[in-house]
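Chains as they are written, first to last, in UniProt numbering: chain Y, 1 to 390; chain Z, 1 to 293; chain D, 1 to 273. Beneath this line is the structure, given in structure tokens, with notes to follow.
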Amino acid sequence: MASSQHVLLSPAELAYLHASLSLTPPIRPDGRSPTQFRPLVAETGILPGTNGSARICFADGTEAIVGVKAEVERTAQRPGEETVFLEEGGAGGDGDDEEEEAGQGLDKRKGDASWVEMTVEIPGLRDDDSGTAFLAAMLSEALLADGEFAKRLWINRRFHWKLYLDIILISPPLSYPLPLLSLTTHLALLSTRLPRLKSEGDEDPFFDDDWAAAPYLFPRTTSSSSTPSSTTTKSPTPAATRPPITLLVMAVGNNIIFDPSKEELAVADVALAVSVTGLSPSHETETGGGTAGEKQTGRNLRLLSIRTIDPPSRLTAPGVANAANTAYGASNGTSNGTQKMAEAEAVEGVWRPPRGGAKRMVLGALVQKVLERGGVVDEVLDALEGADSG
Amino acid sequence: MPRDAEPSLNEKQFVITALQENLRLDGRELDQYRPLELSFGDQYGAADVQLGKTRVLAKATAEVTVPYTDRPLDGIFTIATELSPMASPAFEVHRPTETEVLLSRLLEKTVRRSGALDTESLCLVAGQKCWSVRVDVHVLSHDGNLIDASCLAVVAALRHFRKPDTSMDAGVLSVYTPAEREPVPLSWLHSPFCVTWSFFGEEGEIAVLDATWLEEQVRVGSCTVSLNKHGEICQIAKLGGTPVDAVSLLQCTSVALTKVKEFSGLLDRKLAEDLKRRDKGGFMSELRAENDR
Amino acid sequence: MPLDTSTYNLALLRVDGRRWNELRRVHAQIRTQAAADGSSYLEMGHTKVMCVVTGPSEPGPRRGTGGGGAGGAGAGGAAEVVVSIVIAGFSSVDRKRHGRGDKRTLELQSTVANALAASLHIHLFPHSQVNISLHVLSQDGSLLAALINAAALACVDAGIPMTDYVAACTAGSTSTYAANDEGADPLLDLNHQEEQELPGLTVATLGESDRVVVLVCESRVQVSRLEGMLAVGVDGCKQVREILDRVVREKGRRMVQEGTVEKGIGLNEMDVD
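Structure representation (structure tokens):
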């Protein structure tokens, strides 16, 4: 997919940008380190009329608002499924399940992708525009990929929550809006609360009117983000997963650059949208897998999806080297010949749009860098969690 | 997107200067309508309105359908407008222009939302069967003031319309053909009409009724007032344009009321004439043995 | 659910405790977003609207049904005002999907565009476009009024020359169209519940004058009651204009204090202290 924005940079500017980003360490136009994110302003709970909401404002002025609304819906009984209602939920009730869904509680729950409906509104684009549809698909794909999320919406065997996620980009789409929308959605989901269930078993659900008692959709770990290692024992809410985030990562040469700006994206060799979810620290001992032996701080990250983004650099016009430029007294070959020459060999300081696919090594390195423990993703998740509780 | 040829600067200036001297190109007074002709078709529910060169045809139809689940006790009533390229080259098929959207919204607000048609009377079996009444508005020729002409056509068509008679017997619904039982008129509550003022001049101080297309292209603003003859406002729409003094808007409304009463009288008269034309003296006269010889 | 209006006659207080001539809390901010040429955020009670203005700029590719356009780029060489309104699905109590092709939204777009085109000096920018994009985050009545006010503020922020503020508010009447005619009091600034049950209209006026830019009435009401409602509405618009003006001046004063802009000659009149 194309990231549609046109970048008005000359071949010379592109070449300069590309060269400075290929240095080790790369020099970014705004002086950030390769893994540094741009500052952002975030707030949650801005709309009292929703179950959860968030607003994020990036430093470049792009701004998004996400609102989450939930409605109770009757679960469609599929043929072949057992339709006998057994009273097996137990005395605990499903409302408490939210908090103690540790082992078997979760197994009984079923989820369905149709329980989540996501819409994306980009100003200036029609809602059936391919770009908008693609963004919505990428965001919901990340959310629903592991099937864990939809399970949270289970009320009992006859009813479930239908969750509507409305994602609105307020500003004109200056840079590729995927990371912004994803981060805002993440925050909104963190702040989402559903009314506490008072009914038991499979009866028609009724809920506690007291909004203050409403549990969070993603139960909060008590200040675990600041001291990750110490909470493993006492944390009452072993939350399985957190909402996913999708980050944009790009590579220029062998340099991996996080959170590229619009200009940087214009010279990218490879750009990836990587969706990851963080397992909260308390969980890491169980699911540590290969890295269980090592004592590391930070989250266990789980990779949900990877999408390549067609960087706009492919559409830029190539520069013409002095040697091939007839205006500089180059051998006055046919125009066909100069064209070929300009495309054939890379001349230092002359812009050439990237050709062909990405190198496997680079792709691997990109993903590895994202999934690094205690790395960039951790920082972002911590920051977002801080924004939510603060 | 095709658009109409605009009047030239001279033409515009001419119209405006004339209006400032209380003159209109066709010699009308500022608050005078063009000759209005209203005729009904042979079928029930077809009304043809001619206002000068503007001509609008409205046709009402009814069928039995399932009511909306959120309104099980109401029938369905829709007004469909389509501006075809036949009326003006600026209109395209399947591509609603702003004119069309505003026209359909105005008709919707004037006739449907004001409760002119009692939709509850269209319900046959609660939640299962109801009448769906639909009015199609076809603009045959566009020479300004589409709104007033369309509204009159819609109201006339609906008041002229007769839907087949029905009966409920032991849970069985029967719909009768016109031969079996005389069709029945819709349950009509009040007749709203639109009156559109066009404003001219720097401050919008010149208010003109029933503007032609040329005048509409030159005007700086417009205000459509919908009223019924009982003096109830159904809708007012002054959607932007040059600001107009509040007091003169109030005056416009009261003049509009007199116009609406005229429309109402005209429609009543025409409906009575049409009824007389159709009614050959009833069942008894058909059985008469005498003839005109 | 019919609104219980009987209590009004007892204490002359409305469902939310206001008197007949009281506005709800109006809170507004301008320059809320760095990327846009002009932006604003406006709350009228629980109706919350965000507005972003870009332009005047080169007109983009023409879109099919587009937003409500006014001014006409071709006509008389003035800029075109294009408005697009996004009503968020979560803005009302029950979540409802509002498509872009919704006729009501198209009508709102066209109304806001035409209302602003009347006060902006768009003839100074031939062959260009002013893009106003409005986002409705929460709805509680008086939506059109809030949209117009937010758009006017954002246009001020964008620095598009205009004759005066276009300020809007709603007015209503305490009884339905049929019942007790004489006893009906006009009401200012209807909330959603009142809007559903009572006749009401939206008025927008230009600046401090009595000249009406927008007058929209969508409910049945006796013609005799129009005058009272209109008078209250126009008066409310003046109050709203004062509020908008205060917001702009306050922001200007702060920007001078922070040194974002230099204190120029024009700003002297803003009594910076």
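We put the CB at the ideal spot given by N, CA and C, even for glycine. These numbers come from a predicted model, not from an experiment.
Below-8 Å beta-carbon distance, residue i vs any chain Z residue
i	result
T260(D)	no
S142(D)	no
T170(D)	no
Q257(D)	no
T54(D)	no
N21(D)	no
N149(D)	no
C237(D)	no
A78(D)	no
Beta carbon of residue i nearer than 8 Å to that of residue j
i	j	result
residue 425(Y)	V376(Y)	Given that chain Y is displayed from residue 1 to residue 390, the structure contains no residue 425(Y) and the question cannot be resolved.
A137(Y)	S53(Y)	no
P34(Y)	I309(Y)	no
S171(Y)	A35(D)	yes
I30(D)	V247(D)	yes
A62(Z)	K129(Z)	no
V56(Z)	L38(Z)	no
L226(D)	T253(Z)	yes
T44(Y)	V68(Y)	no
L107(Z)	I79(Z)	yes
R159(Z)	S132(Z)	no
L60(Y)	R38(Y)	The identity of residue 60(Y) in the sequence shown is Asp, whereas the question assumes Leu. The answer is yes: Cβ separation under 8 Å.
G45(D)	R19(D)	no
Y164(Y)	R95(D)	yes
G172(D)	E194(D)	yes
V212(D)	L249(Z)	yes
T111(D)	V234(D)	no
L194(Y)	P215(Y)	yes
R113(Z)	F77(Z)	no
Per-residue contacts from residue i into chain A (C-beta, under 8 Å)
i	result
Y164(Y)	Here the protein chains are Y, Z and D, and chain A is not one of them.
Local conformation of residue i per DSSP, three classes
i	result
Q196(D)	helix
V112(D)	helix
W161(Y)	strand
F258(Y)	strand
H121(D)	coil
S187(Z)	coil
V267(Y)	coil
F218(Y)	coil
Q29(D)	strand
A70(Y)	strand
V256(D)	helix
N21(D)	coil
A35(D)	coil
P236(Y)	Because the pLDDT at P236(Y) is just 40, under 50, the model does not fix this residue reliably, and the value given afterwards should be weighed accordingly. Reduced to three states, the DSSP call for P236(Y) is coil.
F14(Z)	helix
Cβ of residue i within 8 Å of any chain D Cβ
i	result
P7(Z)	no
T62(Y)	yes
I168(Y)	yes
P123(Y)	yes
S33(Y)	no
K69(Y)	yes
P172(Y)	yes
CB contact check: residue i to chain Y, cutoff 8 Å
i	result
H121(D)	no
Q33(D)	yes
_If we require 3 or more residues per run, which beta strand (DSSP E) segments fall completely within the segment 111-157 of chain Y?_
116-121
*Take every Cβ of the segment 66-80 of chain Z, pair it with every Cβ of the segment 106-126 of chain Z, and state whether three or more of those distances are shorter than 8 Å.*
yes
*Only counting runs of 4 or more residues, tell me where the alpha helix (DSSP H) segments fall wholly within the UniProt domain "Exoribonuclease phosphorolytic" (32-164) of chain Z, in order along the chain.*
98-107, 146-160
*Is there contact here, the segment 198-214 of chain D with the segment 164-174 of chain D, by at least three beta-carbon pairs under 8 Å?*
yes
*Report yes or no: do three or more beta-carbon pairs, one from the segment 164-177 of chain Z and one from the segment 197-212 of chain Z, lie closer than 8 Å?*
Look at the beta carbons and you see the segment 164-177 of chain Z not touching the segment 197-212 of chain Z: under three pairs across the two are nearer than 8 Å.
*So, do the segment 99-112 of chain D and the segment 8-23 of chain Y have three or more beta carbon pairs nearer to each other than 8 Å?*
no
*Hey, is the segment 147-159 of chain D in contact with the segment 262-279 of chain Z, meaning 3+ C-beta pairs nearer than 8 Å?*
no
*asked:* Is it the case that the segment 137-157 of chain Z contacts the segment 17-31 of chain Z, given that we only count it when at least three CB pairs across the two stretches are under 8 Å?
replied: no
*Is the number of C-beta pairs between the segment 114-130 of chain D and the segment 107-125 of chain Y that are closer than 8 Å three or more?*
no
*Any chance the segment 221-230 of chain Z sits against the segment 238-254 of chain D, with 3 or more Cβ pairs inside 8 Å?*
In short, these stretches do not touch, since the Cβ pair count stays below three.
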